[in-house]
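Below is one structure; the comments refer to it alone.
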Amino acid sequence: MTVIHGNQFMELTFLEKHILDTVDFYAEHTEDEINGGYFNTYLDDAAVPDAEIRSLVGTARLIYIYSSAAILTGSNKYRDLAKRGLNYLEEIHRDKEYGGYYWKVKGHRVEDNRKMAYGHAFALLAAASAYKAEIVEAKPMIEYIYEILGEHFWREEDGLYVDEITADWSLTSSYRGQNANMHLCEAMMAAFEATGDGKYDERARTIAHSVMFKLLPQSGTEMLWEHYDENWKIDWDYEKGNTKNEFRPYGFVVGHSIEWSKLLQLLDRHQPEEWLFPRAEALFRHATNKGVDRKYGGIVYAVSPDNKSVIDNDKLYWVQTEALGAAALFAARTDSAEYKEFYISLFDYCFTHFVDHEHGGWYEQLDRRNALYSNLKSPSPKADYHPVTNAMTAMLAFGGAAMKSKLKM
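Quick note, my numbering runs 10 ahead of the 1-based positions in the sequence shown.
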């Protein structure tokens, strides 16, 4: 394993190399010549256990990481890979009868035809990132997805998006969740960065304001509950005990409070508002106080509804990387030794336990003592978007104005 010392984790050359090493795990094994698009699922050694399954999230996240690599390098290798995914998104995932995008396909067949806000958030992020990478055909996709979201998912009276609708848009689920809205806030920011159109920034701010001032106060703490009924009141019993529901997990999910602390900082970089940075710090400090494992390292997954005990002490890759992105922004803004030490210590932990130095990419999940559960490195939706986007965020934080211009963030 390559030995990295201290401040090297903050160096732009290290971060760029780490991003490209991570992306290349996928890029070297991704293209499906039979079905088109990308393979979505990988074992540790990049073997593909399911050659046909395609989730909307997985396809979109792969477009995102290839677009990010193209932005960093200017290479047509990555730009062409991103275009390949965009074509599959439009030809196979897109519902040509009713509009929007199917949640899951298998080869060229629709496996799950639901329309999910979470999936459309990543489709928007993919299109925006591709446009940043100078793929011009992605621009109309940004507007199309925004319009679909506005027509079917957006609820003006709530300032939030609903989660799930049937394929023909006839029936909306009563479930409401913060997770899809969090990623829609992120995607709207990316669309604003890509196009300069202020409507995307305005929508991102509306979502953030609704989550922080309508949802967060209901929890009685500085952590955000995941699940709500159709009137946006907390549902404490939804998926009770099931912390491993990938998109709708039970409990106070530590990583989501941390992820919001990052998004609020990014909104504040676009256009400062008095409340954004203090709220970001409060979320981050409470979540890390509850979630940092001081014995085995890393950050645990979920805390009980009474906010007193850990109910899932597994270490998930995305939680660690979101903390890296948030801590990098805090460190750069405040020049605080505490935030720098947190960032360096956590990156050292991740580099030791999560990064596969033999094959590339990040392991998905470890137990509390940092042992792997299986050799499934990347299930269908994973695609290492979280490590890539947060290393990009760290480059933005530590690179100043020139890096902001290069990354178009």
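Cβ coordinates follow ideal geometry from the N, Cα and C atoms, glycine included.
N-terminal and C-terminal residue of the beta strand (DSSP E) that residue i is part of
i      : result
VAL398 : No beta strand (DSSP E) contains VAL398, which is instead part of the alpha helix (DSSP H) from 395-417.
VAL264 : Counting along the chain, VAL264 falls outside any beta strand (DSSP E), though it belongs to the alpha helix (DSSP H) covering 264-280.
LEU25  : Looking at the DSSP string, LEU25 is not in any beta strand (DSSP E); the run it does join, the alpha helix (DSSP H), is 22-37.
LYS224 : Careful: LYS224 lies outside any beta strand (DSSP E) and carries neither H nor E.
LYS387 : 386-388
ASP322 : 320-322
Spatial neighbours of residue i in its chain, beta-carbon cut-off 6 Å, leaving aside the 5 residues before and after
i      : result
ALA290 : SER271, LEU274 and GLN275
ASP424 : Outside the displayed span of the chain (11 to 419) sits residue 424, for which this structure offers no information.
ASN123 : TYR112 and ALA177
THR1   : What is shown of the chain runs 11 to 419, which leaves residue 1 out entirely.
TYR88  : TYR76, ALA79 and ALA80
ASN252 : TYR260
PRO391 : SER65, VAL67 and GLY68
ALA312 : THR253, GLY261, VAL263, ILE321 and ASP322
ASP239 : ASP245
Residue range of the alpha helix (DSSP H) that includes residue i
i      : result
VAL329 : 327-344
VAL120 : Careful: VAL120 lies outside any alpha helix (DSSP H), inside the beta strand (DSSP E) at 119-122.
VAL115 : Unbroken run through VAL115 is the beta strand (DSSP E), 114-116; no alpha helix (DSSP H).
LEU293 : 286-301
ILE152 : 149-158
LYS350 : 347-363
ARG215 : 208-220
SER139 : 127-142
LEU194 : 188-205
Short Cβ contact (8 Å threshold) for residue i with residue j
i      : j      : result
ASP54  : ASP366 : yes
THR399 : ASN317 : no
LEU16  : ILE321 : The residue asked about is misnamed: residue 16 is Gly in this sequence, not Leu. Not closer than 8 Å, so no.
ALA337 : TYR349 : yes
LEU96  : ALA148 : yes
GLY3   : TYR98  : For the chain, the structure presents residues 11 to 419; residue 3 sits outside this window and is missing.
GLU249 : HIS237 : yes
PRO59  : THR69  : no
HIS369 : PHE163 : no
ASN241 : GLY307 : no
THR205 : ILE152 : yes
MET198 : TYR210 : yes
ASN323 : ARG378 : yes
TYR185 : GLU174 : yes
ALA342 : PHE408 : yes
ARG94  : GLY187 : no
ALA56  : ALA92  : no
GLU62  : LYS116 : yes
LYS114 : GLU107 : no
LEU170 : SER220 : yes
LEU72  : ALA401 : no
CB-CB length for residue i against residue j, believed under 8 Å
i      : j      : result
PHE132 : VAL172 : Not a contact, Cβ separation roughly 17 Å.
MET405 : LEU22  : 6 Å
ARG128 : ASN189 : Just to set this straight, residue 128 is Tyr in the shown sequence, not Arg. Yes, they are in contact, since the Cβ atoms of TYR128 and ASN189 sit about 6 Å apart, within 8 Å.
HIS130 : ILE155 : 6 Å
GLU203 : MET419 : 6 Å
VAL329 : GLY410 : Actually they are not in contact, since the Cβ atoms of VAL329 and GLY410 sit about 28 Å apart, beyond 8 Å.
PRO227 : THR331 : PRO227 to THR331, Cβ: 28 Å. No contact.
Other residues of its chain near residue i: CB distance less than 7 Å, five sequence neighbours each side excluded
i      : result
TYR74  : LEU135, ALA136, SER139 and TYR395
CYS195 : ALA214, ILE217, ALA218 and LEU273
PHE357 : PHE19 and LEU334
ALA200 : LEU135, ALA138 and SER139
HIS118 : ASN45 and ILE102
VAL302 : ILE309
LEU6   : Residue 6 cannot be examined here, being either before or after the span of the chain that is shown, 11 to 419.
SER415 : none
LEU417 : ILE81, MET402, MET405 and LEU406
Chain-order list of residues whose beta-carbon lies under 8 Å from that of residue i (same chain, five-residue window excluded)
i      : result
SER267 : GLU232, MET233, LEU234, LEU293, PHE294, HIS296 and ALA297
ASP105 : TYR111, TYR112, ASN123, LYS125 and ALA177
GLU374 : LEU326, TYR327, LEU386, LYS387, SER388, PRO389 and LYS392
PHE287 : LEU274, GLN275, ASP278 and ARG343
TYR359 : GLY307, GLY308 and GLN330
Any non-hydrogen atom of the ligand COA within 7 Å of residue i CB
i      : result
ALA127 : As far as ligands go, the structure on display features none, and thus does not contain the ligand COA.
Quiz prompt | Sequence ranges, alpha helix (DSSP H) only - wholly within the stretch 55-101, length at least 4 | solution = 66-83 and 86-98
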